[in-house]
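Numbering (this note's numbering), first residue to last: 4 to 286.
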């Protein structure tokens, strides 16, 4: 088949650091190429893939140091590229949660599939989708569908990982055991709650997380004062090749979220390393 994948432009595919959505797009794209499909990836120009890459901007939005970037304009430009080439593909798979593509592709909705990777309980999403009911959707968890309960859901397909990516070690660090927090410093992910849990348990906590522009104030005001460099340590935003060791040597991954998590890739990454996950039943 001739398949197009349309990725968000916030991170490269795969991401250099944080970026669960773009990581899943990469896994899926490479697997389809391995199966012999003719795959085209619409993404940022700093992406790396064995598929045919069609870049819509030179660098991913987060890695572009220029000020005054417009994520809406960037995605609209990419969607115009996809629309110009739509006749080349049997299926166009969108990985966009904002549904900007609906108005571009309404006449060929049946040749598309959309996997929204974010939360779907925003008040404006359901009315927007009701205007475009022909678009088929794939959810990444059963709970994610609640925000759009009456949408044209085809299936729920949970995220997976390449089997060779992680191996369980079942061994904690040779030095002092530690708990791990992996993700981003945001009110949704509740690193402050993870710190409290670790301090109450008496275990050291290592935080590996992204500080997004929208979360800098929260980090400075809430999280940073709790990081002492001894019992609570910030190790930075780690790369993919550092995850296995970071997660594999941890006594557990803390996942004390405070939002309807659509999936939570870090949880299955930890379990693939043989590390238990301590999380909230939310999402």
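All C-beta atoms, glycine included, are put in the ideal place defined by N, C-alpha and C.
Fair warning: this is a prediction, and the values are worked out from it, not measured in the lab.
Between which two residues does the beta strand (DSSP E) holding residue 209 run?
Mapped onto the chain shown, residue 209 falls at position 206. It spans 207-213 - the beta strand (DSSP E) in which residue 209 sits, taken as one unbroken run.
Beta-bridge pairing of residue 41 - partner residues as DSSP gives them
Counted from its first residue, the chain shown places residue 41 at position 38. Looking at the DSSP assignment, residue 41 forms a beta bridge with 5.
Less than 8 angstroms between the CB atoms is what I'm expecting for residue 49 and residue 65, so what's the real figure, rounded?
As a working note, residue 49 is residue 46 in the chain shown. As a working note, residue 65 is residue 62 in the chain shown. Actually they do not touch by this definition, with Cβ atoms about 11 angstroms apart.
Could you tell me which of 263, 175, 126, 5 sits nearest to residue 143, measuring between CA atoms?
Residue mapping note: residue 143 aligns to position 140 of the chain shown, counting from 1. Nearest C-alpha to residue 143: 263.
Sorted by chain position, which residues of the same chain lie with C-beta nearer than 8 angstroms to residue 140's C-beta, five sequence neighbours on each side aside?
One-based indexing of the chain shown puts residue 140 at position 137. Closer than 8 angstroms at Cβ, skipping near neighbours: 116, 117, 118, 119, 151, 154, 155, 156, 157.
Tell me which residues share the same chain as residue 286 and place their Cβ nearer than 6 angstroms to its Cβ, disregarding the 5 neighbours each side in the sequence.
Numbered from its first residue, the chain shown carries residue 286 at position 283. These residues qualify, in order along the chain: 146, 263, 264.
Under DSSP, the alpha helix (DSSP H) around residue 132 begins and ends at which residues?
Position 129 of the chain shown, counted from the start, is the residue given in the question as residue 132. Element bounds for residue 132: 128-133.
Runs of beta strand (DSSP E) wholly within the region 133-211 (minimum 3 residues, chain order)
Listed in chain order, the beta strand (DSSP E) runs fully inside the region 133-211 are 140-142, 156-159, 181-187, counting runs of at least 3 residues.
Spatial neighbours of residue 270 in its chain, beta-carbon cut-off 8 angstroms, leaving aside the 5 residues before and after
Looking up residue 270 in the chain shown gives position 267. Excluding sequence positions up to five before and after residue 270, its CB lies within less than 8 angstroms of the CB of 256, 258, 280, 282, all in the same chain and listed in chain order.
So, at 7 angstroms on beta carbons, what are the nonlocal neighbours of residue 246 in its own chain, with the 5 sequence-adjacent residues on each side left out?
Sequence index remark: in the chain shown, residue 246 carries index 243 (1-based). Excluding its 5 nearest sequence neighbours in each direction, residue 246 has C-beta neighbours in its own chain below 7 angstroms: 272, listed in chain order.
The region 52-62 / the region 18-26 touching (three or more Cβ pairs under 8 angstroms)
Pairwise C-beta distances place the region 52-62 out of contact with the region 18-26, as fewer than three of them are shorter than 8 angstroms.
Should residue 159 go down as buried or exposed, given a rule of 16 or more other Cβ atoms within 10 Å for buried?
Here residue 159 refers to the residue found at position 156 of the chain shown. Around the beta carbon of residue 159, fewer than 16 other beta carbons lie within 10 angstroms, which makes this residue exposed.
Segment contact, 8 angstroms Cβ cut-off, at least three pairs: the region 205-215 with the region 172-191:
Yes: the two stretches touch, three or more of their Cβ pairs being nearer than 8 angstroms.
Where residue 231 and residue 202 are concerned, what is the direct C-alpha to C-alpha distance, given to the nearest angstrom?
Your numbering for residue 231 matches position 228 in the chain shown. Your numbering for residue 202 matches position 199 in the chain shown. One Cα belongs to residue 231, the other to residue 202, and the distance between them is close to 11 angstroms.
Classify residue 267: buried if its beta carbon has 16 or more other beta carbons within 10 angstroms, exposed otherwise.
Translated into positions along the chain shown, residue 267 becomes position 264. The residue in question, residue 267, is buried, as its Cβ has 16 or more Cβ neighbours within 10 Å.
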